[in-house]
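Residue numbers (the numbering used here): 31 to 652.
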Amino acid sequence: MKLLLIHADFMEYELKRKTSVAEDAKEKGKRLDEVLVVFTSVEKDDDERTAGKAVEDIKEIAEKVGAERILVYPYAHLSPNLADAKTGIKLLREIETGLKDSFEVHRAPFGWYKSFNISCKGHPLSELSREIVAEGKEEEKEFTEALKAEEKAKSYWYILTPEKELVEVEKFDFKGHENLEKFVRYEIAKKRAVDRIPPHVEYMQRLQLADYEPASDSGHMRYYPKGRLIKSLLETYITDKCVEYGAMEVETPLMYDREHPTLRKYLERFPARQYIISGDKREFFLRFAACFGQFLMKHDAIITYKNLPLKMYELTRYSFRKEQRGELVGLRRLRAFTMPDMHTLARDMEEAKQEFLNQYKLAVEVLRDIGLESDEYETAVRITKDFYEENREFIHSLVDILGRPILIEMWDSRFFYFVLKFEFNFVDSLDKASALSTVQIDVENAERYDISYVDVDGEKKRPYILHCSLSGAVERCIYAILEKAYMKKEKGELPSLPLWLSPTQVRVIPVSEKYLEKSVEIAERLKDAGIRVDVDDRDETLGKKVRDASTEWIPFIAVIGEREVTENKIMVTIREESTLKRQKKELMEVEDLIARIKGECEGKPFKQLPLPMFLSARPSFR
RNA sequence: GCCGCCGUAGCUCAGCUGGCCAGAGCGGGUGACUCGUAAUCACCAGGUCGCGGGUUCAAAUCCCGCCGGCGGCUCCA
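What follows is the structure, encoded as structure tokens:
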């Protein structure tokens, strides 16, 4: 139903000629002063509920503009999708009746050609239009069959124990698996309120890593130099891992044609979560993963069995998902995020399973390097019942990798594109769970995108496709690292970042100005060795400088004074071995410190300090 | 998207039953101090009180709308 509301000094109309659907009219016309005219088009899907909502809307507007008199005026020209005349008249009458108790209501007769004169008041609220859609109708239309299937599909929840027992969640004893219990509760029941800003948000701001950008859309962050460095290191690390694993790195467009026949079908599955951009002729949606680009590329490629398994990788900076506003939190859930996205074409289910297993193991390694040990996240496996029945042994073997119980969600029918999926979920300090690594076996998209390979026998065949994000969104990794640091603090330890991700790895602090020169000399040696080092050259007391370095979570603090100059050694405070009460200090050779840091960072990427070496030369971003 | 709470200096916050010049600490600038491991001292400069309307003689303070944040519900390719 569409409404056009005009608040008028007066409105007058006159009946001219009947149409075939005209209702009887007693009067030839009418003039009303000080009136709210409601031009109304009744549309196809409208019913009593729509009329009821229209009544409420009209009441609200009438009260707002201070109108006591209302004219309901049938006006077909607001909609290309009109209801039949019978329904139209019925619902118009209903609106009239609905308004009668609080207003003086008039209704112009339906189905007549009429002339009219109106004098619009012209104040800001004098011209309004409304579109009324019955409850549920709008979404219903967007729901496709697949989504309806999802509603029908039932989930069954189990815990698969290291002893390969499949236990119903309700019957499982969570003793010793408190984190898994939190995760399961979050998954199945969701959890209660904790009224405070998540700790990682405070950290990302205080450490000047990242921040909200109110001038952009919600869920789009700005990254300060230190945050950009961490993100960049993670991105490089994960990309290297994928390439090492044999993936071909590619780059694909950020936006795609909404009307593209293949893409459209895929999009229809997911109601209105995308950003829409208009080009000159067409409308585009922003990608929410790298699937589109890679699948289209694979569709055009000539692939043979010799090329399989074929792995293709892209780091999506960015993927866009217009999540609902209430879901956005810090770095945990964003509308623009960076995600490593690898797709593997597998020849048959055996190969798909083998790859699934390989990538599962690789994800464990990646998370460990990022700073999350295997007991710091929980595994969920989601699977269709059929697939489970047919691959029981295989699924059970997944438990052996981490040797801990995992959550199994089983569906009685398939409504997503995959038959099997695992996720590693991080449970944060507020007991909320978020997925990090994930791999899925896709049995649908090869067909949809017409991706095929030529087999030994010369026949074209459909491969299976694995979707893999080794780490999950990079921002989410940072979130997990920061939340972990907070939990460390709660346990009485000093919060910290992994050494290879620490923006400053060593801070050199001269006891006073006199030792600045020596400090710089030492810093240069460290820098040349490939270590991120800076010098606190500010005119502050030693205590203050040490405190600042500590609140920045700097792993190694080297203090330079008279003793260091004469002995040519440095006194290093080692954060990892210190507590808030007692600092661990060690006198060491510069070379020893270099060796220690290089050793701990072995195999991880390195990037230069993205800030001036002298603290006095640095701006503060907040 | 819906409901609730919040939005004052770069940061953390006080003031908010309407009315004295809108405050503190941290941070920043200047000067003193030249210092041995989590905050040296003094002085100075910083505010469209989120934005837009309204009520009032008078609004940071009351009302409405919007924007942003947090929490809950819903949702999560």
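C-beta: ideal position from N, C-alpha, C; glycine also.
The alpha helix (DSSP H) with residue i in it runs from where to where?
| i | result |
| --- | --- |
| Pro229 | Pro229 to Arg236 |
| Pro104 | Here Pro104 belongs to no alpha helix (DSSP H); instead the beta strand (DSSP E) covers Arg99 to Pro104. |
| Glu42 | Note, Glu42: premise wrong, no alpha helix (DSSP H); beta strand (DSSP E) at Lys32 to Lys48. |
| Asp416 | Lys415 to Glu420 |
| Gly602 | Before going on, a small fix: residue 602 reads as Val here, not Gly. Where Val602 is concerned, there is no enclosing alpha helix (DSSP H), although the beta strand (DSSP E) it sits in stretches over Ile600 to Ile604. |
| Ser308 | Element bounds for Ser308: not the alpha helix (DSSP H) but the beta strand (DSSP E), Ile306 to Ser308. |
| Asp87 | Glu78 to Val95 |
| Val135 | From DSSP, Val135 is part of no alpha helix (DSSP H) but of the beta strand (DSSP E) over Glu134 to Arg137. |
| Val504 | Val504 to Glu520 |
| Arg123 | Ala115 to Lys130 |
| Glu298 | Pro291 to Glu298 |
| Lys352 | It is not in any alpha helix (DSSP H) - Lys352 carries neither H nor E in the DSSP assignment. |
Out of the options, state which residue places its alpha-carbon closest to the alpha-carbon of residue i.
| i | options | result |
| --- | --- | --- |
| Ser459 | Ala277, Ser248, Glu513 and Ile119 | Glu513 |
| Glu243 | Ala331, Glu274, Ser149 and Gly360 | Gly360 |
| Ala240 | Gly629, Glu53, Phe367 and Glu380 | Phe367 |
| Arg562 | Lys628, Met234 and Pro283 | Lys628 |
| Asn455 | Tyr143, Glu265, Tyr479 and Gly502 | Gly502 |
| Thr49 | Met41, Tyr143 and Arg236 | Tyr143 |
| Ala393 | Ser145, Ser404 and Leu340 | Ser404 |
| Lys46 | His37, Lys60 and Ala92 | Lys60 |
| Glu211 | Lys518, Thr409, Ile481 and Arg626 | Thr409 |
| Val589 | Ser542, Asp114 and Tyr348 | Ser542 |
| Lys83 | Ala52, Leu101 and Leu121 | Leu121 |
| Val68 | Val51, Ile36 and Leu62 | Ile36 |
| Lys352 | Leu397, Leu316 and Lys383 | Leu316 |
| Arg506 | Val231, Ile604, Arg377 and Arg288 | Val231 |
| Glu477 | Gly206, Ser580, Thr603 and Leu375 | Leu375 |
| Leu235 | Tyr509, Gly323, Ser443 and Lys490 | The amino acid occupying residue 235 in the given sequence is Gln; Leu does not appear at that position. With distances taken between Cα atoms, Gln235 lies closest to Tyr509. |
| Phe322 | Arg288, Glu619 and Gly276 | Arg288 |
Considering just the uninterrupted stretch of the beta strand (DSSP E) at residue i, what are its terminal residues?
| i | result |
| --- | --- |
| Phe586 | Phe586 to Ile590 |
| Pro533 | Note, Pro533: premise wrong, no beta strand (DSSP E); not H, not E. |
| Asp287 | Met285 to Asp287 |
| Asn455 | Phe448 to Val457 |
| Asp241 | Ala240 to Tyr242 |
| Asn337 | No beta strand (DSSP E) holds Asn337; DSSP gives it neither H nor E. |
| Ser246 | From DSSP, Ser246 is part of no beta strand (DSSP E); its letter is neither H nor E. |
| Ser149 | Trp142 to Cys150 |
Go ahead and pull the three-state DSSP assignment for residue i.
| i | result |
| --- | --- |
| Gly633 | coil |
| Thr368 | strand |
| Ala625 | helix |
| His107 | helix |
| Ala463 | strand |
| Leu639 | coil |
| Gly59 | strand |
| Pro540 | strand |
| Glu663 | Outside the displayed span of the chain (31 to 652) sits residue 663, for which this structure offers no information. |
| Gln470 | strand |
| His373 | strand |
| Ala559 | coil |
| Ala319 | coil |
| Thr174 | Low local confidence applies: a pLDDT of 45 at Thr174 is under 50, so the model's placement there is unreliable, and no value is given. |
| Lys651 | According to the sequence shown, residue 651 is Phe rather than Lys. Coil at Phe651, not helix or strand. |
| Tyr390 | helix |
| Arg258 | helix |
| His497 | strand |
| Ser646 | helix |
| Leu437 | strand |
Report back the beta-carbon spacing between residue i and residue j to the nearest angstrom; my notes put them in contact at under 8 Å.
| i | j | result |
| --- | --- | --- |
| Leu623 | Asp566 | With a Cβ gap of about 17 Å, Leu623 and Asp566 do not count as contacting. |
| Asp270 | Pro635 | 7 Å |
| Tyr233 | Leu326 | About 40 Å separates the two Cβ atoms, so there is no contact after all. |
Excluding sequence positions up to five away, which residues of its chain have a Cβ less than 6 Å from the Cβ of residue i?
| i | result |
| --- | --- |
| Leu617 | Lys599 and Met601 |
| Glu168 | Confidence is the limiting factor: at Glu168 the pLDDT is only 36, short of 50, which leaves the residue's position unreliable, though a coordinate-based value still follows. Counting only Cβ-Cβ distances below 6 Å, and skipping sequence neighbours, we find nothing. |
| Ala319 | Ser349 and Asp371 |
| Gln638 | none |
| Lys6 | Not covered by the structure: residue 6. The range shown for the chain is 31 to 652. |
| Lys194 | His426 |
| Gly401 | Ile511 and Pro528 |
Please work out which residues of its chain come closer than 8 Å, Cβ to Cβ, to residue i, disregarding the five sequence neighbours upstream and downstream, and give them in chain order.
| i | result |
| --- | --- |
| Ile413 | Ile425, Ile438, Glu439, Met440, Trp441, Val449, Leu450 and Lys451 |
| Gly433 | Pro192 |
Note down, in chain order, each residue of its chain lying with its Cβ closer than 7 Å to the Cβ of residue i, except the 5 sequence neighbours on either side.
| i | result |
| --- | --- |
| Cys631 | Leu529 and Trp530 |
| Ser145 | Tyr43, Glu44 and Lys46 |
| Ala38 | Val65, Val67, Ile148, Ser149, Cys150 and Lys151 |
| Gly166 | Residue placement at Gly166 is flagged as unreliable, the pLDDT there being 42, under the threshold of 50; the coordinate-derived value follows with that caveat. Excluding sequence neighbours, Gly166 sits near nothing in its chain. |
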